[in-house]
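Heads up: the structure comes next, in C-alpha cells.
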Amino acid sequence: MLKIIWFFAIILSVPVLYIAYNLIMAIMPGQSKTYILQPVFRLIKLFEKKDEGTNFFAYFFSVGSCLFSLIALYMAVAGFNFLFVISVLSMMDLLVITGAFSSGEFSGKMSAKRGISRFIIWLFTSIVSAAAIYKATGTLKLNEIAYLSENNGLIISLPFTFISLFIILLMKGNLLYFNFGISGEELTILGEALYTPYSGWSLAVVQIAQWIEIGVWLKILSSFLPLPNPVSFIIVSLLFLSSLFLDLFVSKVEWKKAARFSWGWAGGMSIINFIYLFYYLIFK
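Residue numbering for the sequence shown follows the working numbering, beginning at 3 and increasing consecutively.
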C-alpha cells in the first residue's frame with residue numbers, strides 16, 4: 003500500500019512543483035502575469051488539439067515512452083537495482099528520440115541529434131555513478147542504498163556522485179546551463195526542437211513521460227540523503243524548485259555548449275568520485 007501511495011505521490015509531485023513555481027512567480031512584484039495552473043492547462047489544450055501530420059511513429063513512441071517511464075517509476079519506488087531503473091529510462095529516452103527522428107522533418111532530426119547527445123552523457127554518468135555506488139556500498143538496490151544513507155551517512159562517501167546525478171536531473175528539466183532545448187514547451191523550431199515532430203496529444207503524452215522521469219530522478223536522489231524517505235524526497239524536490247528560480251537568472255546557452263557543460267560537470271563529477279573511492283579503498 004505504501005508503494006502505491008509513493009507511486010501516485012511522485013506522479014503528482016512534479017506538476018505540483020511547476021504549479022508552485024508559477025504561484026510564487028505570480029505573487030512576486032515586478033514579474034509578468036503568470037497563470038498558476040498553466041502547465042495543466044497546456045496539457046489539456048494539447049490533448050484537445052488535433053495532431054498535425056501523419057507521423058504514426060510519433061504516436062506509437064510517445065505512448066511507449068510514457069509506459070516505460072511508469073515502469074521506471076514503479077521500480078524506483080519498489081527499490082529495484084539502480085541499473086535496472088536506468089535501463090528502463092534509457093528505453094524511454096530512445097523511444098522519444100526515435101519518434102522525433104521518424105518524422106523526417108528538419109526539427110525532428112535536430113531534436114534526435116540533441117537527444118542522442120544528452121542520452122550518451124546521462125547514460126555514461128549513470129554507469130560511472132553506479133560503479134562508485136557499488137564500490138562504496140556493495141549494492142545497487144535503491145532500498146538498500148536508502149537504508150545505508152539513513153543509518154551510515156552514505157552521502158559523505160558519494161558527494162560528487164550525488165552532484166552528478168542532480169545535474170542529470172537538471173538536464174532532464176532543461177535548466178540552467180544544461181538546457182538542450184528539447185522540452186517541447188515552446189512553439190519555436192530552433193528554440194524547442196521537440197515541438198514540431200510531436201504535436202497535439204502525442205506531445206502531451208511525451209511531456210507527461212518527461213514529468214514522470216523527473217519524478218524518478220527525484221526519488222533516486224532522495225535515496226542518498228541521511229534522512230527518512232519522505233523528508234529526503236521533499237528536500238530534493240525543493241532543490242529542484244530552487245533550480246527553476248535560479249534558471250531565471252541564467253542566460254540560455256546553445257545546445258552544444260550545454261553538452262560541454264554537461265560532460266564537464268555530470269561526467270566529470272562522477273569520474274572524480276569513482277577515482278576517489280578507488281584510491282581511498284586501496285590506501286585505507
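Idealized CB from N, CA, C, for every residue including glycine.
message: Classify residue 233: buried if its beta carbon has 16 or more other beta carbons within 10 angstroms, exposed otherwise.
response: exposed
message: So the candidates are 86, 140, 97, 43; which of them puts its Cα closest to the Cα of residue 65?
response: 97
- request: Would you identify the three-state DSSP class for residue 254, choosing helix, strand or coil?
  value: coil
task: Please work out which residues of its chain come closer than 7 Å, Cβ to Cβ, to residue 72, disregarding the five sequence neighbours upstream and downstream, and give them in chain order.
output: 214
field: Residue from 267, 9, 227, 112 whose Cα sits closest to the Cα of residue 155
entry: It is 227.
- request: Can you give me the Cβ contacts of residue 70 inside the same chain, cut-off strictly under 6 Å, excluding the 5 residues immediately before and after it?
  value: 90, 93, 94
task: Taking 9 Å as the cut-off, decide whether the C-beta atoms of residue 123 and residue 264 are in contact.
output: yes
- prompt: By a C-beta neighbour count over all protein chains shown, 10 Å radius and 16 as the cutoff for buried, is residue 272 buried or exposed?
  reply: buried
- prompt: Can we say the segment 160-167 touches the segment 129-139, given the rule of at least three CB pairs closer than 8 Å?
  reply: yes
- request: Compute the distance between the beta-carbons of residue 126 and residue 99, then report whether it is under 9 Å.
  value: no
message: What does DSSP give as the partner residue(s) for residue 143 in the beta ladder?
response: 83
- request: Tell me, to the nearest whole angstrom, how far the beta carbon of residue 217 is from that of residue 25; I am working on the premise that it is less than 8 Å.
  value: That belief does not hold up - the Cβ atoms of residue 217 and residue 25 are roughly 19 Å apart, past 8 Å.
field: C-alpha distance - residue 267 paired with residue 67, whole-angstrom precision
entry: C-alpha of residue 267 to C-alpha of residue 67: approximately 27 Å in a straight line.
message: In whole angstroms, give me the CA-to-CA distance for residue 38 and residue 161.
response: Straight-line spacing of the CA atoms in residue 38 and residue 161 works out to 35 Å.
field: From 118, 110, 84, 88, residue whose alpha carbon lies closest to that of residue 147
entry: Selection 118, 110, 84, 88 evaluated against residue 147 yields 84 as nearest (Cα-Cα).
field: C-alpha distance - residue 16 paired with residue 252, whole-angstrom precision
entry: 22 Å
- prompt: Of all the options 78, 269, 46, which has the alpha carbon lying nearest to the alpha carbon of residue 202?
  reply: 46
- prompt: Pick from 211, 7, 229, 180: whose alpha carbon is nearest that of residue 254?
  reply: Closest option to residue 254, Cα to Cα, is 180.
- prompt: residue 220 and residue 7: beta carbons closer than 9 Å?
  reply: no
query: Under the three-state reduction of DSSP, which class applies to residue 107: helix, strand or coil?
result: coil
- prompt: Between the Cα of residue 279 and the Cα atoms of 159, 144, 241, which residue gives the shortest distance?
  reply: 159
task: Could you check if residue 106 is buried or exposed, using at least 16 other CB atoms within 10 Å of its CB as the buried criterion?
output: Exposed, because fewer than 16 other Cβ atoms sit within 10 Å of the Cβ of residue 106.
8 Å CB neighbourhood of residue 237 in its chain, flanking five on each side removed: Residues of the same chain with a CB within less than 8 Å of the CB of residue 237, apart from the 5 flanking positions on each side, are 224, 227, 229 in chain order.
message: Rounded to whole angstroms, what is the Cα-Cα separation between residue 177 and residue 205?
response: 20 Å
message: Excluding the 5 residues flanking residue 40 on each side, which residues of the same chain have their C-beta closer than 7 Å to its C-beta?
response: 24
query: Would DSSP call residue 76 helix, strand or coil?
result: helix
- prompt: So, helix, strand or coil for residue 184, using DSSP?
  reply: coil
field: Backbone CA spacing between residue 194 and residue 116 [nearest angstrom]
entry: Bear in mind that the predicted position of residue 194 carries a pLDDT of just 48, short of 50, making it too unreliable to give a figure here.
- request: Let me know the secondary structure DSSP gives residue 230 once reduced to three states.
  value: Residue state, collapsed to three classes: coil.
query: By how many angstroms is the C-alpha of residue 163 removed from the C-alpha of residue 243?
result: 20 Å
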